[in-house]
Amino acid sequence: MGVLFESLSSRLESVWRRLRGRGRLTPQDVDEVLREVRLALLEADVHFKVAKDFIARVREKAVGDEVLASLSPAQQVVKIVHAELCALMGSTSARLASASQPPTIIMLCGLQGAGKTTFAAKLAGWLGRQGRHPLLVAADLQRPAAVEQLAINARQVNVPVVTPEPGDGPADVAARGVARAAALPADVVIVDTAGRSQADADLMAELRAIRDRIRPHEVLLVLDAMAGQDAVNVARGFAEGVGVDGVALTRLDSDARGGAALSVREVIDRPIKFAGTGERLDAIEPFHPERMASRILGMGDVLSLIERAEQAWDHSQAEKLQERVQKDGLTLEDFLEQMQALRRMGPLEQVLGMIPGLGQAMRSSKAQVDERELGHIEAMIRSMTGEERRRPEIIDASRRRRIAAGSGTQVADVNRLLRQFGEIRKLMRDVTQGRLPRGMPGLPGMPGMTGPPVGGRPPTHRRGKHRGR
Amino acid sequence: MADGVWGRMRAGLARARQGLLGRIAAAVSGHRTVSAGLLEELEGALLAADVGMPETMRLVGRLRELAAAGELFAEGVAATLRAEVARSLEGSSRPMRRAETPPSVVLLVGVNGSGKTTTAAKLAHALRGEGQRVLLGAADTFRAAAAEQLGIWAERAGVDMVRHAAGSDPSAVIYDAVAAARARGVDTVVCDTAGRLHNKANLMAELRKMVRVAGNACPGAPHEVLLVLDGSTGQNALVQAKVFTEAVGVTGLVLTKLDTSARGGIVLAVWRELGLPILWAGVGEGLEDLRPFDPEAFASALLGADGAGEPGYAEG
Ligand SMILES: Nc1nc2c(ncn2[C@@H]2O[C@H](COP(=O)(O)OP(=O)(O)O)[C@@H](O)[C@H]2O)c(=O)[nH]1
Ligand SMILES: [Mg+2]
Numbered sequence: 000m001g002v003l004f005e006s007l008s009s010r011l012e013s014v015w016r017r018l019r020g021r022g023r024l025t026p027q028d029v030d031e032v033l034r035e036v037r038l039a040l041l042e043a044d045v046h047f048k049v050a051k052d053f054i055a056r057v058r059e060k061a062v063g064d065e066v067l068a069s070l071s072p073a074q075q076v077v078k079i080v081h082a083e084l085c086a087l088m089g090s091t092s093a094r095l096a097s098a099s100q101p102p103t104i105i106m107l108c109g110l111q112g113a114g115k116t117t118f119a120a121k122l123a124g125w126l127g128r129q130g131r132h133p134l135l136v137a138a139d140l141q142r143p144a145a146v147e148q149l150a151i152n153a154r155q156v157n158v159p160v161v162t163p164e165p166g167d168g169p170a171d172v173a174a175r176g177v178a179r180a181a182a183l184p185a186d187v188v189i190v191d192t193a194g195r196s197q198a199d200a201d202l203m204a205e206l207r208a209i210r211d212r213i214r215p216h217e218v219l220l221v222l223d224a225m226a227g228q229d230a231v232n233v234a235r236g237f238a239e240g241v242g243v244d245g246v247a248l249t250r251l252d253s254d255a256r257g258g259a260a261l262s263v264r265e266v267i268d269r270p271i272k273f274a275g276t277g278e279r280l281d282a283i284e285p286f287h288p289e290r291m292a293s294r295i296l297g298m299g300d301v302l303s304l305i306e307r308a309e310q311a312w313d314h315s316q317a318e319k320l321q322e323r324v325q326k327d328g329l330t331l332e333d334f335l336e337q338m339q340a341l342r343r344m345g346p347l348e349q350v351l352g353m354i355p356g357l358g359q360a361m362r363s364s365k366a367q368v369d370e371r372e373l374g375h376i377e378a379m380i381r382s383m384t385g386e387e388r389r390r391p392e393i394i395d396a397s398r399r400r401r402i403a404a405g406s407g408t409q410v411a412d413v414n415r416l417l418r419q420f421g422e423i424r425k426l427m428r429d430v431t432q433g434r435l436p437r438g439m440p441g442l443p444g445m446p447g448m449t450g451p452p453v454g455g456r457p458p459t460h461r462r463g464k465h466r467g468r
Numbered sequence: 000m001a002d003g004v005w006g007r008m009r010a011g012l013a014r015a016r017q018g019l020l021g022r023i024a025a026a027v028s029g030h031r032t033v034s035a036g037l038l039e040e041l042e043g044a045l046l047a048a049d050v051g052m053p054e055t056m057r058l059v060g061r062l063r064e065l066a067a068a069g070e071l072f073a074e075g076v077a078a079t080l081r082a083e084v085a086r087s088l089e090g091s092s093r094p095m096r097r098a099e100t101p102p103s104v105v106l107l108v109g110v111n112g113s114g115k116t117t118t119a120a121k122l123a124h125a126l127r128g129e130g131q132r133v134l135l136g137a138a139d140t141f142r143a144a145a146a147e148q149l150g151i152w153a154e155r156a157g158v159d160m161v162r163h164a165a166g167s168d169p170s171a172v173i174y175d176a177v178a179a180a181r182a183r184g185v186d187t188v189v190c191d192t193a194g195r196l197h198n199k200a201n202l203m204a205e206l207r208k209m210v211r212v213a214g215n216a217c218p219g220a221p222h223e224v225l226l227v228l229d230g231s232t233g234q235n236a237l238v239q240a241k242v243f244t245e246a247v248g249v250t251g252l253v254l255t256k257l258d259t260s261a262r263g264g265i266v267l268a269v270w271r272e273l274g275l276p277i278l279w280a281g282v283g284e285g286l287e288d289l290r291p292f293d294p295e296a297f298a299s300a301l302l303g304a305d306g307a308g309e310p311g312y313a314e315g
């Protein structure tokens, strides 16, 4: 598919080029950059008023002397934007509340289809892996088979579940669940509730009734990362209606920029605590606010990628590769090795999606790599001679036929591989020269494209190995 | 029934109404000409409804033109904007296609939680109401209890359902459902599918296979591949629509959850960019809560405009 939404970096490219040579920015120049930033925020679904206030704050800072006198003023503006976004999103992952007297009671709420039931099970599984003893409570009596869904998911994550008895209303089953926690014993109770619109007065009253029966220590609003502008009304409605202590952002594995996260932060001033990152029940992560800032701006989730890469990548090997690639260019052997390393980092699409520019370049060039294809690619490369792997340009038609026959693939597959490889090699050339693919300058805390998966130097950011996966 | 829908619709609109109409009224009062401030209010209202920048600029630009030509004054702004929105959606709605020889096969696709299963039930109910014989196919074999969910709906709607064991090949369900529909003289078979994000290549490939298998089971099928789009989705809906269309040839949209405060404005861009018609609107969680999409009603609801007494979707 074509790239529907430009990243901020590509948006700014032309502004950039014009401003690059200049030592100073006029307030008009600043406005021009900020106009692009505003468009990027709107495309990311940041609420238009939030975007407006945000831009006003940045302008105030950017028009100061410091910026105007700096060497690369346009980049400086983007630095300010990024820093301001980070400040808004918060800098640390927020923790769940913890009751002084167990059990800690967590109540989920949100719109229909936001992903509450799945998230409930994920959270329970996650807490279980932290050594806690969670209990799930199925208090969505509205949607058909919601109780069964939670019961099945509970079994999958190995957590006990309380389901309604005949005649129970949602508050009854919630209370029953809390009572059950003492008997088990469980130290965390997670209550799933029916989806509802914040504009539905009756259903909001029902939610308050549940809350008043069980007095949760933590009310989590479950919000879809693909949500649009209405997210501010939703967040405000739930915050006013039942009180919200934190937010769980689901479907962050989508390619949505997730600007709603920023709106919600700004409007209800509550931290986003968790991210849902896939359909599997272990696809849950503590939310990293600083990464969200890059994502909203369309700069990819570079930090997440680096962290994963650190777990999957051997640094000394990476450095050697880097040197060789810089000297001789990428070979098909390196290519194979890198793909295997990528695979160790997690589902390919997810990994590629996190690389700014690369994910996009691969998608738009139809050079998409799918997990199954990887097996074929490996077979094809293994059917090549060493010379062919090092100098793919010598692979002519007859060699292509031989490679296809040897690897059980079609000549068309070999053609595609060589074409993809050519594209990637070109991309790598840019990348190893320290340039971001779309002209994005390095940003504070963002090592750009020099991370391991494309054969760069070891990451400048060493984060703790705390993610036990 | 109408009462319930009305009430919910009204509640959903209350906020938007206070918002836009209040602001327009304030901006209009004491002015005759269309001021820059008024245009800015309109721009904000459209953006807030998820209409997106390109469509918003187009609509606001049009109003600016009319005002400059002396054809539009402040008091006519709300009505004109509504008319322009409706005009942008001209031709965007159509009835569902029917196969020349039954069964007609309808596939519902979309991201997780958008309302596919509920829409399958509502559709079955609506078609049955037209006197059709309807069969449901439970091809979401992935999500826990998905077939149970559809099964409960099938019972409520009084239609049969074809299902397989959890975790089995969804294409096999499609095949069996379509084959059963042919054998039983069913008019329309509505197949639910598992939710999937459009950026998961393997899941999109799985969906392609389902479409292919439907065609194998019945020449010409599927007759409709409907993308079920959550009305609260932001700009990513355009990407969704584009990728699903490229992958499985989406033939139209169902826009759900219009009874909430979500406005669904992104369909303007989807219609303009991709020419995908919007066949149905979901306006609640009950079997009855499905309406043929109506650009006029949508335009009124989008802007929360009830000044002239337009009831939006509540009228049905
Ligand atoms: N308010 C409202 N809720 C809806 C509508 N359509 C579906 N839902 C709700 O959205 C949630 C997800 O719907 P479901 O059909 O299970 O989505 P699926 O995952 O796409 O199959 C359920 O709670 C439905 O009741 C609608 O038009 N309005
Ligand atoms: Mg479903």
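Top line first, the protein sequences correspond to chains A and B.
If you're matching positions, the first sequence starts at 0 in numbering that gives the first Met the number 0 and goes up one per residue.
If you're matching positions, the second sequence starts at 0 in numbering that gives the first Met the number 0 and goes up one per residue.
Glycine residues also receive a C-beta, built at the ideal position from the N, C-alpha and C atoms.
Do you know whose CA, among the options, lies nearest residue i's CA?
i	options	result
A:A86	A:M383, A:A113, A:M291	A:M291
A:T162	A:V156, A:V177, A:A138, A:N152	A:A138
B:G285	B:W152, B:S299, B:F141, B:V158	B:W152
A:K78	A:A200, A:S293, A:I104, A:R179	A:S293
A:R415	A:E386, A:L84, A:I393, A:H375	A:H375
A:S97	A:R207, A:I380, A:V218, A:D28	A:V218
A:G257	A:D229, A:P165, A:D201	A:D229
According to DSSP, is residue i part of a helix, a strand, or is it coil?
i	result
B:L286	coil
B:A280	strand
A:A226	strand
B:D186	coil
A:D171	helix
A:V136	strand
A:D473	Since the first residue shown for chain A is 0 and the last is 468, residue 473 of chain A is missing from the structure and cannot be characterised.
A:P288	helix
A:P159	coil
B:T100	coil
A:I376	helix
B:K199	coil
B:C217	coil
A:L183	coil
May I have the straight-line CA-CA distance separating residue i from residue j, to the nearest angstrom?
i	j	result
A:D216	A:A123	According to the sequence as given, residue 216 of chain A is His; it is not Asp. Taking the straight line from one Cα to the other gives about 16 Å.
B:R162	B:C190	10 Å
B:C217	B:A204	20 Å
B:A48	B:G150	35 Å
A:M203	B:A44	26 Å
A:E42	A:A259	11 Å
A:P133	A:V233	28 Å
State the CB to CB distance for the pair residue i and residue j, rounded to an integer number of angstroms; the pair is presumed to be in contact (CB under 8 Å).
i	j	result
B:D139	B:T192	6 Å
B:F297	B:W279	Contact doesn't hold; Cβ gap of about 12 Å is too wide.
A:D191	A:P101	Incorrect: roughly 20 Å between the Cβ atoms, too far for contact.
B:V110	B:L196	6 Å
A:R37	A:A50	6 Å
A:L149	A:A120	7 Å
A:S382	A:S406	4 Å
B:L225	B:L252	7 Å
B:L88	B:P294	4 Å
A:S253	A:M225	6 Å
A:V241	A:I271	The Cβ separation is near 18 Å, so there is no contact.
Sorry if obvious, but does the Cβ on residue i come closer than 7 Å to a heavy atom of ligand 3?
i	result
B:G136	No copy of ligand 3 appears in this structure; the ligands present are ligand 1 and ligand 2.
Interfacial residues, the stretch 191 to 223 of chain B to chain A, with Cβ spacing under 7 Å: Within the stretch 191 to 223 of chain B, the qualifying residues are L196, N198, K199, A200, N201.
Members of the stretch 139 to 155 of chain B that neighbour chain A once the beta carbon cut-off is set at 9 Å: Only those residues of the stretch 139 to 155 of chain B whose C-beta falls short of 9 Å from the nearest C-beta of chain A are listed: F141, R142, A143, A144, A145, A146, E147, Q148, L149, G150, I151, W152, R155.
Contact residues within the stretch 203 to 235 of chain A, judged by C-beta distance below 9 Å to chain B: Of all residues in the stretch 203 to 235 of chain A, D223, A224, M225, A226, G227, Q228, D229, A230, V231, N232, V233 have a Cβ within less than 9 Å of some Cβ in chain B.
Contact set between the stretch 242 to 276 of chain A and chain B, restricted to residues whose Cβ is under 8 Å from the partner: Answer set for the stretch 242 to 276 of chain A: R250, D252, S253, D254, A255, R256, G258, A259.
Members of the stretch 161 to 179 of chain B that neighbour chain A once the beta carbon cut-off is set at 9 Å: Residues A165.
Chain B contacts from the stretch 39 to 63 of chain A (Cβ-Cβ distance under 8 Å): Result list: L41, E42, A43, D44, H46, F47, K48.
Near-chain B residues of the stretch 104 to 123 of chain A - C-beta to any C-beta below 7 Å: Listed in sequence order: L110, Q111, G112, A113, G114.
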